[in-house]
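Quick mapping for you: the protein sequence lines, in order, are chains D, H and R. Just so we're aligned: the first sequence equals residues 25 to 276 in my numbering. Just so we're aligned: the second sequence equals residues 138 to 422 in my numbering. Just so we're aligned: the third sequence equals residues 21 to 343 in my numbering. Virtual Cβ for every residue (Gly too), placed ideally from N, Cα, C. Below is one structure, written out as structure tokens; comments come after it.
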Amino acid sequence: MSILTTNRLTKSYGEFKAVTDVNLDVQPNTLHAVIGPNGAGKTTLFHCLTGVQRLTSGRILFDNKEISKLGPEKRSSLGMSRSFQVTSLFLEMTVRENLQIAALGVSSIDGFRFWSSSASTVKKTAAAVDYALETTGFENRAETIAGDLSHGQQRMLEVGMALAQQPKLILLDEPTSGMGVDDIPMISDLVRRLTKDITVLLIEHNMGIVLEISDKITVMQLGQILVEGTPNQIKNDQRVREAYLGGETEDA
Amino acid sequence: MELFFFQLLNGLGLGVIYFLLSVGLTITFGLLNFVNFAHGAFYMVGAYVTFVIVSLTGNFWLALLIAPLVIGTLAIALEQSVVKFSYVLEHKYQILVTLGVALMLQELVIMIWGPIGKNVSPPSSLAGIIEIGDFIYPKYRAFVIAFSALIAIVVWWGLEKTKFGALVRAGSENAQMVGLLGVNITRLFSITFGLGGLLAGLAGVLAAPLRGADPFMGVEALGIAFIVVVIGGMGSFLGALVGGLVVGVMQSVMSSVWPEGASLMVYAAMAAVILSRPRGLFGRA
Amino acid sequence: MSLELKHCPILIAIALAAFLVLPSISLATEVLIFAIIALGCSILLGYAGLLSFGQAIFFGLGAYVASLSQIHLGVNFLVGLLIATAAGATVAALVGALAIRRQGIYFVMLTLAFTQLAFFVSYTLDEWTGGDNGLLDVPRNSVDIFGFEIAIDSSEKFYAFVAISFVLIFLGMIRITHSQFGRTLLAIKQNEERATALGYSVKWYKVLAFIFSGSITAYAGGMYALFLNFAPLSNVELIMSEHILIMAIIGGTGNVYGAVLGSLFLVVVGDMLSAFWERWLFLLGGILILTVFYMRGGLISGLYGVFEFLSQKFGSASTQKES
Ligand SMILES: Nc1ncnc2c1ncn2[C@@H]1O[C@H](COP(=O)(O)OP(=O)(O)OP(=O)(O)O)[C@@H](O)[C@H]1O
Ligand SMILES: [Mg+2]
Chain D
25 MSILTTNRLT
35 KSYGEFKAVT
45 DVNLDVQPNT
55 LHAVIGPNGA
65 GKTTLFHCLT
75 GVQRLTSGRI
85 LFDNKEISKL
95 GPEKRSSLGM
105 SRSFQVTSLF
115 LEMTVRENLQ
125 IAALGVSSID
135 GFRFWSSSAS
145 TVKKTAAAVD
155 YALETTGFEN
165 RAETIAGDLS
175 HGQQRMLEVG
185 MALAQQPKLI
195 LLDEPTSGMG
205 VDDIPMISDL
215 VRRLTKDITV
225 LLIEHNMGIV
235 LEISDKITVM
245 QLGQILVEGT
255 PNQIKNDQRV
265 REAYLGGETE
275 DA
Chain H
138 MELFFFQLLN
148 GLGLGVIYFL
158 LSVGLTITFG
168 LLNFVNFAHG
178 AFYMVGAYVT
188 FVIVSLTGNF
198 WLALLIAPLV
208 IGTLAIALEQ
218 SVVKFSYVLE
228 HKYQILVTLG
238 VALMLQELVI
248 MIWGPIGKNV
258 SPPSSLAGII
268 EIGDFIYPKY
278 RAFVIAFSAL
288 IAIVVWWGLE
298 KTKFGALVRA
308 GSENAQMVGL
318 LGVNITRLFS
328 ITFGLGGLLA
338 GLAGVLAAPL
348 RGADPFMGVE
358 ALGIAFIVVV
368 IGGMGSFLGA
378 LVGGLVVGVM
388 QSVMSSVWPE
398 GASLMVYAAM
408 AAVILSRPRG
418 LFGRA
Chain R
21 MSLELKHCPI
31 LIAIALAAFL
41 VLPSISLATE
51 VLIFAIIALG
61 CSILLGYAGL
71 LSFGQAIFFG
81 LGAYVASLSQ
91 IHLGVNFLVG
101 LLIATAAGAT
111 VAALVGALAI
121 RRQGIYFVML
131 TLAFTQLAFF
141 VSYTLDEWTG
151 GDNGLLDVPR
161 NSVDIFGFEI
171 AIDSSEKFYA
181 FVAISFVLIF
191 LGMIRITHSQ
201 FGRTLLAIKQ
211 NEERATALGY
221 SVKWYKVLAF
231 IFSGSITAYA
241 GGMYALFLNF
251 APLSNVELIM
261 SEHILIMAII
271 GGTGNVYGAV
281 LGSLFLVVVG
291 DMLSAFWERW
301 LFLLGGILIL
311 TVFYMRGGLI
321 SGLYGVFEFL
331 SQKFGSASTQ
341 KES
């Protein structure tokens, strides 16, 4: 039983097709990686899956529900959360407040409570926030203003925001981008651990990580799926070597 | 029928003035995404400078020559001393800064010339009417149409055929790109800002004999310029021209049908355009 | 509850101080009314991040509706004000829902266009609004409960009524800004894209902010008409929107007490200056520019700065109050 499938998902920007006829099939409790060169359409695919962008054609089934027409706010309440490739936080709020806002986003009503003090809604989210704080290692920095965090920490909080929503499926768009080498293992360990409870869809440029921790890998090129398979299959695939691994180094 | 034609011509005259008023606003927006709430004030000060020159020398042509230059200089001076420091700020702060400038200019004008408007008479050579068969039309209004059309052509030529115009057009397509080419985009913007002010001042000169000069014409003009730019599409020369004519004709024709409703209609049109077609008629996608 | 306990005394003190310190009751009345109006603007700008030139719509609407309902329906002043508030909420929902369909400069221009529309509509409907002359002889129909009459027929009584309204409205808005809704608005202001991705229907949050803003502004507009016994057309002018905006910004948005300072500044300084210098708005333009460049938090942030400096200097247990 797949948790997420897409059927001929296509996204055009005007004449230009950024994603073409992508059929994706994500199994529950796995780590499914999406890789491909710059501009392959990976982020656009995520935008379509999460509803940030409207798809041009095709269908998306999440948890057996057709969600292609739903707005982004509906999808997160169904159990789908994401992190962004370009860090996107509430920079004037503390780490804890960021996570609280994230955790409450899945409830369609709590954010509108304008008469009871925010302390009461905060209680509701305590468990989710603590979980996110703990998983991302922010316990001791919960009261730091997000804008004051280092770049690596902000990337971590970016992932934490998605976790605080306690999703069934989490989509991580290059969580390691711009991180120092020392911090990278933290993320890869975290991602691997997550699959115990939830499903992870991961975009990642660092091939070392991807080959090491993924269950399944989808390779995209020019908006289309080039190959799909296990890390071993991908490692040995001639087309992948040509298109992606071979030649120049890939780094974003 | 005759009345209608008369109003149509009046509308054209109004429209070309609106074009001159708006073209600077639209191009500066295209270049830096900058919205100048003081733009209407340039128009107003243009009318007052005309009043001064005409009452001192009795020579409207002198005003037509000098006043736009004065306003252009004023615009550049303001840009250099105040406005340019707001470029790094968010949109809303830019609006507030230029709003402050507009308020100061308006109050300054009231301080000098009082709150009551001043009349400016058209040059004696353009007093009276022209007759074409049975049809009569005020000479000065005919002159405004012809002269503004000429200026519109000059502006178009400047944008299309000169190197400066090419840079402005490229800059409003993609400011970063032009910056990369080694062009100083803020200087380009300063000059454009000054020229836009000059044209708004020119619009004020032309309008002065038609409607006089009063301290509140700036606010009114700003509203009109917004309507024109929104309908035509922000950043578009052609949009300012077509938008100006549409608004001018609409106002003029409406004023003989339902005078109270004329302004109501144009603002309703503006809201409708923003909501249904936010890029306007000729705005870029 | 602690929130109310903390702020109620401060607000009452402000209302009393205005009464005692300011040279005239009418000046004090005006300060409190405009503090509410500036607060309405501050909710939009400081919390939702929406720069609106539309506040005059709600202000003028409140004035007309509170007046007309008393004149034509014969309701008492309190009911008149409540009808005005409801009208303000309704129109604000409509204006808000339309305007927020566009962002950035287009949003600003839409609010500007709507104000102009409201102005010309008011001008055209002169049978109701009195057009250019304004709506004259606005009554203050007294409230009659079981033969017990409450009238606001003296300037002291009227001030008392305005002061009570001021305290209650400010308490209400303090509560709202401290709620989860207030916090969500701040999040949306800081990063709308992320808020949407997290599941917030950003649109409805903004509309609700408009409703709060529009209703208190209309209520205050109604009070202002009762105060003057007159509802001028200038209430709905674009200039009025600008003044409200300037008031909120100079006082400082994002903190309810900023609205009090903004109103105090504009009304009192305006009153003092205009006595011997009619063109003092010139100065206001300059101050607006300086505020944007050098003190974006407005007067209130300056005041807090002074507080902080003093409490550090004298090492006293800090008398910190937060918004
Ligand atoms: N809003 C947009 N409008 C037009 N084209 C776009 C837009 N967003 C992305 N594109 C184009 O779509 C293509 C795919 O972009 P996308 O961001 O999905 O690539 P990616 O695989 O995530 O690349 P990277 O590894 O660099 O993050 C690119 O050519 C990009 O220029
Ligand atoms: Mg990407």
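Outcome for residue i when other beta-carbon atoms lying within 10 angstroms are tallied against a minimum of 16
| i | result |
| --- | --- |
| R/His263 | buried |
| R/Ala133 | buried |
| R/Met226 | It is Lys, not Met, that sits at residue 226 of chain R in the sequence shown. Classification for R/Lys226: buried. |
| D/Lys35 | buried |
| R/Tyr349 | Residue 349 of chain R lies beyond the residue range present for chain R, which begins at 21 and ends at 343; the question has no answer from this structure. |
| H/Asn173 | buried |
| D/Gly171 | exposed |
| D/Phe40 | exposed |
| D/His56 | buried |
| D/Ala143 | exposed |
| H/Ala362 | buried |
| D/Gln257 | exposed |
| H/Phe156 | buried |
| D/Thr223 | buried |
| R/Pro29 | exposed |
| D/Val110 | exposed |
| D/Gly135 | buried |
| R/Gln75 | buried |
| H/Asn311 | exposed |
Residues of its chain near residue i, where Cβ-Cβ distance is below 6 angstroms and the 5 sequence neighbours each way are ignored
| i | result |
| --- | --- |
| H/Leu382 | Gly152 |
| R/Leu258 | Thr135 |
| R/Phe178 | Ile172 |
| R/Lys341 | With a pLDDT of 46 at R/Lys341, under the threshold of 50, the modelled position of this residue cannot be trusted; read the value that follows with caution. Nothing meets the Cβ criterion. |
Closest residue to residue i among the options (Cα-Cα distance)
| i | options | result |
| --- | --- | --- |
| H/Thr304 | H/Arg324, H/Ile288 and H/Phe280 | According to the sequence provided, residue 304 of chain H is Leu. The question's Thr does not apply to it. Taking only the C-alpha atoms, the option nearest H/Leu304 is H/Arg324. |
| R/Thr237 | R/Leu248, R/Gly124 and R/Gly60 | R/Gly60 |
| R/Ala55 | R/Ser233, R/Gly325 and R/Phe329 | R/Ser233 |
| D/Ala126 | D/Glu182, D/Gln51, D/Asn47 and D/Phe162 | D/Glu182 |
| H/Val257 | H/Val320, H/Gly302, H/Ala344 and H/Ser309 | H/Ala344 |
| H/Met248 | R/Trp297, R/His27, R/Val115 and R/Asn249 | R/Trp297 |
| D/Ala186 | D/Gly161, D/Asp207 and D/Ala156 | D/Ala156 |
| H/Leu162 | H/Gly385, H/Val390, H/Leu359 and H/Trp395 | H/Leu359 |
| R/Leu246 | R/Ser87, R/Gly94 and R/Gly322 | R/Ser87 |
| H/Met371 | H/Phe353, H/Val220 and H/Phe419 | H/Phe419 |
| H/Gly270 | H/Arg416, H/Glu139 and H/Val403 | H/Glu139 |
| D/His71 | D/Gly161, D/Glu121 and D/Leu196 | D/Leu196 |
| H/Met181 | H/Gly334, H/Gly265 and H/Val390 | H/Gly334 |
Own chain partners of residue i with C-beta closer than 8 angstroms, once the 5 adjacent residues on each side are dropped
| i | result |
| --- | --- |
| D/Glu221 | In the sequence as displayed, the identity of residue 221 of chain D is Asp instead of Glu. Cβ within range, chain order: Asn53. |
| R/Leu228 | Phe201 |
| R/Thr339 | Because R/Thr339 sits at a pLDDT of 48, beneath the cut-off of 50, its placement in the model cannot be relied upon, and the following sentence gives the value as read from the coordinates. Excluding sequence neighbours, R/Thr339 sits near Phe327 and Ser331. |
| D/Ala276 | Per-residue confidence for D/Ala276 stands at a pLDDT of 41, beneath the threshold of 50, marking its modelled position as unreliable; no derived number is given. |
| D/Glu90 | Arg83 and Ile84 |
| H/Gln243 | Ala178, Met181, Pro352, Phe353, Gly355 and Val356 |
Proximal residues to residue i (C-beta, below 7 angstroms), its chain only, five neighbours per side dropped
| i | result |
| --- | --- |
| R/Glu24 | Leu191 |
| D/Ser26 | Asp49, Val50 and Gln51 |
Residues that residue i contacts on chain B, provided the C-beta gap is smaller than 8 angstroms
| i | result |
| --- | --- |
| R/Leu23 | The structure shown contains no chain B; its protein chains are D, H and R. |
Residue i CB to nearest heavy atom of ligand 4 below 7 angstroms
| i | result |
| --- | --- |
| H/Asn311 | What this structure holds is ligand 1 and ligand 2, not ligand 4. |
- Residues of the region 121 to 141 of chain R with a CB closer than 7 angstroms to any CB of chain H: list them in chain order, please. Arg121, Arg122, Gly124, Ile125, Tyr126, Val128, Met129, Leu130, Leu132, Ala133, Phe134, Gln136, Leu137, Phe140 and Val141
- Task: Taking a Cβ distance cut-off of 7 angstroms, strictly less, list which residues of the region 59 to 73 of chain R are near chain D, in chain order.
- Result: none
- Identify each residue in the region 218 to 252 of chain R for which the Cβ-Cβ distance to at least one residue of chain D is less than 9 angstroms, and report them in chain order. When C-beta distances to chain D are compared with 9 angstroms, the residues of the region 218 to 252 of chain R below that value are Leu218, Gly219, Tyr220, Ser221, Val222, Trp224, Tyr225, Leu228 and Phe232, in chain order.
- What does the shell around ligand 2 hold, if a residue joins when its beta-carbon is under 7 angstroms from any heavy atom? D/Lys66, D/Thr67, D/Gln109, D/Asp197, D/Glu198 and D/Ile227
- Taking Cβ-Cβ distances below 8 angstroms as the criterion, which residues of the region 183 to 215 of chain R are in contact with chain D? Arg195, Ile196, His198, Ser199, Gln200, Phe201, Gly202, Arg203, Thr204, Leu206, Ala207, Gln210, Asn211, Glu213, Arg214 and Ala215
- Using a Cβ cut-off of 8 angstroms, which residues of the region 382 to 409 of chain H contact any Cβ in chain R, in chain order? Glu397, Gly398, Ser400, Leu401, Tyr404, Ala405, Met407 and Ala408
- Message: Counting only Cβ-Cβ distances shorter than 7 angstroms, please list the residues of the region 85 to 102 of chain D near chain R, keeping chain order.
- Response: Pro96, Glu97, Ser100 and Ser101
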